[in-house]
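Take a look at the structure set out below.
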Amino acid sequence: VNQEQNSPFNPTPKKECFFLVAILLYVGFHGYVNYLQNPSEERIGYMDFVYWSRPLHDLLQGKVLFKDFFYYYGPLYAFIQVPFYDLFGANHWAILMNSRIIMPLLSIFLAHLYIRVFIKLPLLRISFVLVCVFQLTVGLYATGRHICAELTLALFFFCLTRPDKKVCLFFTGIMQGVSILMDFPYGFSALIAICTTFTLFTISNTKVHAKALVKLFLSGLLISLTPFTFYMVYHGVLLDFLKDYYLYVTSFMSTHPPGSDAMIPAFPRISLSNLSESLNHFLLSQAFRQYLPLLLYGGAGLVFIVRFYRGGDPSTFKLFLLSCYGLLIFYRSLVTPAYSYMAYGFVPAITIGFIVMEFLCLRATHHYNNYNFQ
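1023 is the number of the first residue of the sequence shown in the working numbering; add one for each residue after it.
Written out as structure tokens, the structure reads:
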């Protein structure tokens, strides 16, 4: 695959733009009709809705984050919503406007930028966005905080395949800081995956000037984290924030909420006497859907290991990068009562699936053209 055509900075084909705009209009219309046309109070009291509304209200009242109130989502996720919240009236309707229109549409746009790095074919890129929308990972999922971390992975992979674009690594560092501030678990998981992948990349490629590249990445990371650090130091809450977040990680994230056993379901039995029906039951079972991302990560990891020891090209590192990040994020599915695989760790699994589809499509096209030529 020509990596130049996988650049997110190249012009988008007109048909691809048309379908992307159609998806954005559909999701926006869906959010307006179902939530904003007749806004109800039914979601007030829901835990996540409280965390959508309270920090925005408190920030507008001049209260200090992590001093007057604790916010376990990333602080940047609250700050970027405040202007829209204030613009639309600072009320229940404004919250719905943020969570059902602005943030979902932004997540779809960023998801399209993300997949342009990994997938070459426009049809598959649009299909990827549709699958993510239907799986509630972007768009219809109200809080797509994860997409910034995944976009960081895409930018980092672009830097690996385009060593002449060293300045992009600086912007990758900036985006890494943004992903951390958008949501700490996603951001730090992306950072671990990037550091691990870069270590393996430098081991396999002795021509890389690792020190200079690390400086560029860390410079961008430092620049993006500095304003938030100064904010915490200025208000004298940096130590309180570190303490509170440590307690949050070691208490809430280490507990198993009610019903967490359902997150680890047993595989249904396959009967040889009724093979067709039992296979159908297996493919539609919760267990298969739950473990499918893990199977994809394991398979992608094995393919990477084989190609890594054979001295494969840098493009194979995308498999390790996605698998490492996906496994780190998937852990949240087992300790938090949320959307399970749909919200946590499923985007990299979908990406790996589409990478396989593109590989098969390109191989089939190549063989078809050769067959016709002969």
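Every residue gets a Cβ at the ideal spot worked out from N, C-alpha and C, and that includes glycine.
None of the values given here were measured: they were computed from a predicted structure.
First through last residue of the alpha helix (DSSP H) which encompasses residue i
i       : result
LEU1404 : Here the chain has residues from 1023 to 1396 only, and residue 1404 is not among them.
HIS1114 : 1114-1119
PHE1330 : 1308-1331
SER1211 : 1206-1226
PHE1368 : It is not in any alpha helix (DSSP H) - PHE1368 carries neither H nor E in the DSSP assignment.
GLY1161 : That residue, GLY1161, is in no alpha helix (DSSP H); it is neither H nor E in DSSP.
VAL1043 : 1036-1053
PRO1249 : 1232-1256
SER1345 : 1339-1352
ILE1169 : 1169-1183
Residues near residue i in its chain [Cβ-Cβ closer than 7 angstroms; skip 5 each side]
i       : result
ALA1386 : none
LYS1085 : PHE1091
VAL1153 : ILE1372
TYR1208 : ARG1167, HIS1168, ALA1171, SER1201 and ILE1351
LEU1109 : none
GLY1050 : ILE1123 and LEU1127
PHE1263 : PHE1088 and MET1254
HIS1257 : VAL1086 and LYS1089
PHE1210 : ILE1202
PRO1097 : LEU1087, LEU1203 and PHE1250
TYR1270 : TYR1094
ALA1215 : LEU1175, LEU1343, CYS1346, TYR1347 and LEU1350
GLY1053 : ARG1122, ILE1123 and PRO1126
ALA1212 : ALA1171, THR1174, LEU1175, GLN1198, SER1201 and TYR1347
ASP1266 : PHE1088 and PHE1092
is_contact[residue i, chain C] using C-beta, thresh 8 angstroms
i       : result
PHE1310 : This model lacks chain C altogether, as it is built from one protein chain only.
Cut-off 6 angstroms between Cβ atoms - residues of its own chain near residue i, not counting five sequence neighbours on either side
i       : result
PRO1077 : TYR1093 and ALA1100
TYR1353 : none
GLN1396 : Because the pLDDT of GLN1396 is 49, which lies under 50, any placement of that residue in the model is unreliable, and the question is left without a value.
ILE1374 : LEU1318, ALA1322 and LEU1344
LEU1177 : THR1194 and MET1197
TYR1199 : The displayed chain sequence assigns Gly, not Tyr, to residue 1199. The residues are LEU1243, SER1246 and LEU1247.
ILE1141 : ARG1147, PHE1376 and GLU1380
ALA1235 : Note that residue 1235 is Leu in the sequence shown here, rather than Ala. Once the five neighbours on either side are set aside, the close Cβ partners of LEU1235 are LEU1191.
Contacts around residue i, its chain only, beta-carbon distance under 8 angstroms, and the 5 residues preceding and following it disregarded
i       : result
VAL1378 : none
VAL1104 : LEU1078, LEU1081 and LEU1082
ILE1117 : PHE1071, TRP1074, SER1075, LEU1078 and TYR1107
SER1149 : PHE1376
VAL1259 : VAL1086, LEU1087, PHE1088 and LYS1089
THR973  : Only positions 1023 to 1396 of the chain appear in the structure, and residue 973 is not among them; the question remains open.
SER1241 : PHE1192 and GLY1195
PRO1035 : PRO1144
PRO1336 : LEU1182, THR1183, PHE1223 and ASN1227
LYS1037 : PRO1144
ALA1232 : PHE1220 and THR1224
Item to check | Three CB pairs or more closer than 8 angstroms across the segment 1152-1170 and the segment 1078-1093 | outcome: In short, these stretches do not touch, since the Cβ pair count stays below three.
Next on the checklist: Quick check for students: name the residue ranges of the alpha helix (DSSP H) that lie wholly in the segment 1070-1153, counting only runs of 4 or more.
Outcome noted: Whole alpha helix (DSSP H) segments, 4+ residues: 1097-1101, 1104-1109, 1114-1119 and 1125-1140.
Checklist entry - Does the segment 1217-1236 touch the segment 1172-1189, meaning 3 or more C-beta pairs lie closer than 8 angstroms? => result Yes: the two stretches touch, three or more of their Cβ pairs being nearer than 8 angstroms.
Checklist entry - Should the segment 1045-1055 be called in touch with the segment 1129-1137, which here means at least 3 C-beta pairs below 8 angstroms? => result Flag = yes, the segment 1045-1055 and the segment 1129-1137 touch.
Item to check | Meets three-Cβ-pair contact criterion under 8 angstroms: the segment 1300-1317 and the segment 1325-1339 | outcome: Contact between the segment 1300-1317 and the segment 1325-1339 is absent, because fewer than three Cβ pairs lie under 8 angstroms.
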